[in-house]
């Protein structure tokens with residue numbers, strides 16, 4: 001059953017921390033400086049319990065090459081491979097994480113790619129071991145929607161995806177700002193980052209699904225405990241959310257594209273207003289939740305987000321770098337660091353690979369990059 005949001009408003013107090021930005025970063029990937037974002041000095045107690053102020057990120061190998069507009073990425077359990085969604089082709093491909101071999105599962109029917117839209121985020125069902133369901137967020141001819149498809153690896157290549165079961169629809173679509181990241185949280189609920197589809201007024205309208213973080217049951221219903229009764233809306237006032245990640249304490253973080261001034265990393269609170277279009281970056285208006293870090297748009301244009309080794313790791317498209325934001329609670333405990341700056345071009349998705357490893361995808365075939373031989377690719381990155 002498909003549900004719609006209902007009007008409500010809940011303002012919250014601002015977070016304590018933000019960042020100002022300059023350029024920089026270590027293109028070698030073995031170490032990094034503050035690289036562009038600075039944060040307020042943490043307390044002594046926070047610093048004692050926080051990860052090291054300086055970390056590192058090193059590409060240990062290229063897992064796969066020759067991918068077309070990779071967007072969503074999901075790791076199959078037990079080292080069974082990586083599922084990669086192609087934004088423009090509407091296909092899902094399994095990549096052997098050891099050999100880099102690629103097997104096309106099939107095409108998700110109903111995808112209508114244009115501009116920033118197409119087949120975007122994917123996520124495995126919390127019960128994947130028993131139901132083999134893959135969830136996908138995509139742009140159709142009329143909206144953005146979330147479906148689930150059965151993955152049957154016993155069938156021939158190209159025929160391994162079942163017919164899509166639409167669990168949620170009606171998210172506004174546009175040539176730009178379609179959001180698209182989906183992820184199951186530690187509570188077993190499905191979270192989706194949406195964009196305001198170029199209509200900035202939607203972000204503040206709690207009756208609209210645009211410019212929001214949504215929280216749903218696996219069946220597509222508004223999740224129990226949501227801040228607005230009978231509504232899937234979890235937070236609002238967003239411009240274009242393409243990154244979601246949780247820390248071990250089950251705190252949710254989200255990356256957000258700014259317009260011309262500030263990109264943001266936010267700690268998400270249920271019912272909170274993150275300001276767009278009335279605020280971009282840090283605001284003195286207490287109605288809006290402040291970002292814990294912010295960057296000039298040339299240095300970030302953030303998409304994917306992952307948590308590992310005490311830090312949030314954020315992939316930058318226009319910024320062409322991987323950001324490390326060390327955390328103490330919901331605050332940055334030290335200046336963010338930039339890695340891989342310009343080395344691999346645009347970076348789209350970052351996913352935990354277990355321990356101190358991340359999977360990282362490039363995004364140079366999306367019409368805004370400069371593809372090199374072998375693009376696009378999946379990288380394995382060791383971090384600390």
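Residue numbers (this note's numbering): 1 to 384. Note that CB positions come from ideal geometry on N, CA and C, so glycine has one too. Just so we're clear, the structure is a prediction, and the values are computed from it rather than from any experiment.
Of the listed residues the options, nearest to residue i (C-alpha basis)
i           : options               : result
residue 319 : 332, 337 and 333      : 337
residue 355 : 380, 263 and 136      : 380
residue 62  : 252, 98 and 51        : 98
residue 301 : 329, 323, 269 and 283 : 323
residue 74  : 51, 53, 56 and 184    : 184
residue 173 : 255, 220 and 140      : 140
residue 256 : 227, 233 and 290      : 290
residue 261 : 229, 295 and 270      : 295
residue 339 : 331, 317 and 327      : 317
residue 131 : 49, 186 and 218       : 218
6 Å CB neighbourhood of residue i in its chain, flanking five on each side removed
i           : result
residue 189 : 215 and 223
residue 288 : 273, 275 and 279
residue 177 : 195, 196, 197, 198 and 240
residue 96  : 81
residue 297 : 258 and 263
residue 121 : 72, 137, 180, 181 and 182
residue 162 : 149 and 150
Rounded distance between the beta-carbons of residue j and residue i, thought under 8 Å
i           : j           : result
residue 199 : residue 170 : Rounded, the Cβ-Cβ distance is 14 Å, inconsistent with contact.
residue 281 : residue 258 : 7 Å
residue 315 : residue 265 : With a Cβ gap of about 12 Å, residue 315 and residue 265 do not count as contacting.
residue 111 : residue 119 : 5 Å
residue 346 : residue 363 : 4 Å
residue 182 : residue 213 : Actually they do not touch by this definition, with Cβ atoms about 11 Å apart.
Coarse secondary structure for residue i, derived from DSSP in three states
i           : result
residue 78  : helix
residue 294 : strand
residue 360 : strand
residue 235 : strand
residue 130 : helix
residue 165 : strand
residue 41  : Low local confidence applies: a pLDDT of 35 at residue 41 is under 50, so the model's placement there is unreliable, and no value is given.
residue 244 : strand
residue 320 : coil
residue 348 : strand
residue 374 : coil
residue 382 : strand
residue 145 : strand
residue 83  : strand
Cβ-based neighbour list, residue i, same chain, cut-off 7 Å, excluding 5 preceding and 5 following
i           : result
residue 104 : 91, 93, 157 and 158
residue 245 : 253, 305, 306, 307 and 312
residue 384 : 55, 56, 309 and 356
residue 365 : 68, 69, 371, 375 and 376
Residue j beta carbon less than 8 Å from that of residue i
i           : j           : result
residue 293 : residue 358 : no
residue 64  : residue 117 : no
residue 60  : residue 382 : yes
residue 204 : residue 225 : no
residue 53  : residue 326 : yes
Cβ neighbours of residue i in the same chain (closer than 8 Å, five flanking residues each side left out)
i           : result
residue 133 : 124, 125, 127, 148, 149, 150 and 151
residue 165 : 147, 148 and 149
residue 186 : 246 and 250
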